[in-house]
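When we follow the UniProt record's numbering, the leftmost residue of the sequence shown carries the number 1, and every step to the right adds one.
Backbone N, C-alpha and C define an ideal beta-carbon position, used for all residues, glycine too.
The structure appears below as structure tokens.
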Amino acid sequence: MTAPLAPPALAQLFHAARTVQRFSPRPVDEATLHELYALVRQGPTGFNAQPGRYAFVRSAQAKALLAPALSSGNRDRTLAAPLTAIVAWDTRFHEQLPTLFPAFDARGYFDSHPDSLAPAGVTNATLQAGYLILAARALGLDAAPMSGFQPGLVDAAFFPDGRWRALLLINLGYGERAALPPRLPRLAFDDAVAVF
């Protein structure tokens, strides 16, 4: 059994972590992106399928492609962020299953039940988006997830072959925290939890 994390680590991942809207201009370097993915891929997914795919948008040209898909409330802050991760799911994730999950013919299951592909892909890639946020925080980055965008426009601009499909955008970088408002309320245990 592993020991519980120390309070400073829990604070960095949860208690003191915030969704920031403004980032410093400091770039997120290539080594950090590799380290980020190395952490994300360790999280569990159904059949070890790992359907999540990640497009890191940081160049001015890529941001210009992303801009038309953003809601008006997210546009300026996303264009100003040093990096935006497009979290997508691979519609053919099951093709990797003979390697990723050799104990069972999971690819055969999805081949014969194609209606199961999207629910499994979306659910597990969304789970991986949560890992991405926690991994970013663990590496000292701030994360601002958002759903205020048009996935179809993102797909057309970044994934025109139709294989990957956008689920979520996450602005990443080193946040400017000085002017953050107080944390919004959270539901109490009794309001959100049932124990049977």
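By DSSP, does A157 sit in helix, in strand, or in coil?
If DSSP states are grouped into helix, strand and coil, A157 belongs with the helices.
For D191, count the other beta carbons within 10 Å of its own beta carbon; 16 or more makes it buried, fewer makes it exposed. Which is it?
Exposure of D191 is indicated by the presence of fewer than 16 other C-beta atoms within 10 angstroms of its C-beta.
Using only CA atoms, which one of N48, A6, H15 lies nearest to residue 261?
Outside the shown range of the chain, which is 1 to 196, sits residue 261, and nothing can be said about it.
Spatial distance of L180 from R107 (CA atoms):
Each residue's Cα considered, the two are about 46 Å apart.
Proximal residues to L39 (C-beta, below 7 Å), its chain only, five neighbours per side dropped
Here the set comprises A135, A138.
Grouping DSSP H, G and I as helix and E and B as strand, with all else coil, what is T2?
Coil.
Between which two residues does the alpha helix (DSSP H) harbouring L169 extend?
Careful: L169 lies outside any alpha helix (DSSP H), inside the beta strand (DSSP E) at 164–173.
In chain order, which beta strand (DSSP E) runs of at least 3 residues are fully inside the UniProt domain "Nitroreductase" (18–174)?
Secondary structure remark: continuous beta strand (DSSP E) runs of at least 3 residues inside the UniProt domain "Nitroreductase" (18–174), in chain order: 52–57, 83–90, 142–146, 164–173.
Just to confirm before moving on: does the CB-CB distance between F23 and G130 stay below 7 Å?
No, the Cβ-Cβ distance between F23 and G130 is not below 7 Å.
Simplified DSSP assignment, three categories, for P7:
P7: helix per DSSP, three-state reduction.
Unbroken alpha helix (DSSP H) run spanning F189, endpoints
Here the alpha helix (DSSP H) through F189 covers 189–192.
Just to check my reading of the structure: I170 and P145 have Cβ atoms closer than 8 Å, yes? What is that Cβ distance to the nearest angstrom?
The Cβ separation is near 5 Å, so the contact holds.
Quick one: residues in its chain with C-beta nearer than 6 Å to the C-beta of A143, no 5 flanking neighbours on either side, listed in chain order?
Excluding positions up to five away in sequence, the list reads I133, A136, I170, L172.
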